[in-house]
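Reviewing the structure listed below.
Residue numbers (this note's numbering): 377 to 637.
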């Protein structure tokens, strides 16, 4: 099947030198990805991904399972077998940078697996990630507990005794104290009760108001539609559509074809 034409696709040759304007845009963005290819072993998963997230912006990466959304987040963090192209985090190129040096640039990654440790209390899980010297202050415990009041009540409970929604809140909460200012969030609403999804949505809007930049991978379109400023749709390891929130309704037919929503 032929992939839909990309909205706002770049017209320049893949081998043309970057313009001064493009370089300036990459330097000012919280995240700027250009012509990203990524592999797991010999499996070529991403095929020339281009996207960007501006400071203080929330961007959602939509797509069906297997489209390459999670791999995009993993590639940013250096967790794929190989990468080519360009990934700039606050102006710093991370292709070729050891993976342990990506987070200190100000990146907080919340994978779908959550990674809550059964042998630690909720509060000990919360304190695990080290603080980063990013120049962007992490949220205080009081600020984080104001976002997720359930976590204060369950602070002494073993991490895996928390409900699925509480574990997801904990997974997000523990990256907020580190000083990360770019958040990569993978399917944070998946399988959760509507009341928890609503609480996460309120937290995301609060974080945006505090200046966080957010790249959100989601299949829950209703959840993301009220959060994101822009949307990218992935299919077959490529970006096939870019839509501003204001243009969602007039692109509903296209989205239905791509996502089945």
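Just so it is clear, CB atoms sit at the ideal spot from N, CA and C, and this is done for glycine as well.
Would you grab the beta carbon distance between residue i and residue j for me? Rounded to a whole angstrom, and I think it's under 8 Å.
| i | j | result |
| --- | --- | --- |
| residue 589 | residue 432 | 6 Å |
| residue 457 | residue 415 | 5 Å |
| residue 609 | residue 576 | Contact doesn't hold; Cβ gap of about 22 Å is too wide. |
| residue 591 | residue 437 | 7 Å |
| residue 606 | residue 629 | At roughly 19 Å, the Cβ-Cβ gap does not stay under 8 Å, so residue 606 and residue 629 are not in contact. |
| residue 451 | residue 459 | 5 Å |
| residue 573 | residue 565 | 5 Å |
Between which two residues does the beta strand (DSSP E) harbouring residue i extend?
| i | result |
| --- | --- |
| residue 618 | 614-620 |
| residue 463 | 458-465 |
| residue 414 | 407-416 |
| residue 504 | Run containing residue 504: none; DSSP gives neither H nor E here. |
| residue 558 | 558-562 |
| residue 434 | 434-439 |
| residue 424 | 419-429 |
Out of curiosity, what's the CA-to-CA distance linking residue i and residue j?
| i | j | result |
| --- | --- | --- |
| residue 421 | residue 533 | 39 Å |
| residue 387 | residue 614 | Bear in mind that a pLDDT of 33 at residue 387, under 50, signals an unreliable position, so the model cannot answer this. |
| residue 464 | residue 443 | 22 Å |
| residue 337 | residue 419 | No answer is possible for residue 337: the residues shown for the chain start at 377 and end at 637. |
| residue 550 | residue 447 | 22 Å |
| residue 493 | residue 484 | 18 Å |
| residue 487 | residue 454 | 13 Å |
| residue 518 | residue 428 | 32 Å |
| residue 563 | residue 595 | 7 Å |
| residue 527 | residue 520 | 9 Å |
| residue 391 | residue 466 | Residue confidence for residue 391 is low, a pLDDT of 38 falling below 50, so the modelled location carries little weight; the figure read from the coordinates is stated next. So the two alpha carbons sit approximately 24 Å from each other. |
| residue 469 | residue 511 | 18 Å |
| residue 625 | residue 604 | 14 Å |
| residue 593 | residue 560 | 8 Å |
| residue 623 | residue 509 | 38 Å |
| residue 497 | residue 477 | 28 Å |
| residue 547 | residue 491 | 7 Å |
| residue 535 | residue 471 | 34 Å |
| residue 501 | residue 598 | 30 Å |
| residue 612 | residue 631 | 15 Å |
Ends of the alpha helix (DSSP H) at residue i?
| i | result |
| --- | --- |
| residue 518 | 517-523 |
| residue 588 | That residue, residue 588, is in no alpha helix (DSSP H); it is neither H nor E in DSSP. |
| residue 607 | Element bounds for residue 607: not the alpha helix (DSSP H) but the beta strand (DSSP E), 606-611. |
| residue 600 | 597-601 |
| residue 451 | 445-452 |
| residue 630 | 628-635 |
| residue 546 | 540-552 |
Discussion item. Quick check for students: name the residue ranges of the beta strand (DSSP E) that lie wholly in the region 467-501, counting only runs of 3 or more.
Written reply: 483-486
message: Taking contact to mean 3 or more Cβ pairs, one atom from each stretch, closer than 8 Å, check whether the region 538-547 and the region 558-571 are in contact.
response: yes
- [ ] Count the C-beta pairs between the region 402-411 and the region 571-586 that are closer than 8 Å, then say yes if the count reaches three, no if not.
- [x] Too few Cβ pairs lie closer than 8 Å, so no.
Using a Cβ distance threshold of 8 Å, determine whether the region 551-567 contacts the region 475-482, with at least three qualifying pairs required.
Yes, since at least three Cβ pairs between the region 551-567 and the region 475-482 fall closer than 8 Å, the two stretches touch.
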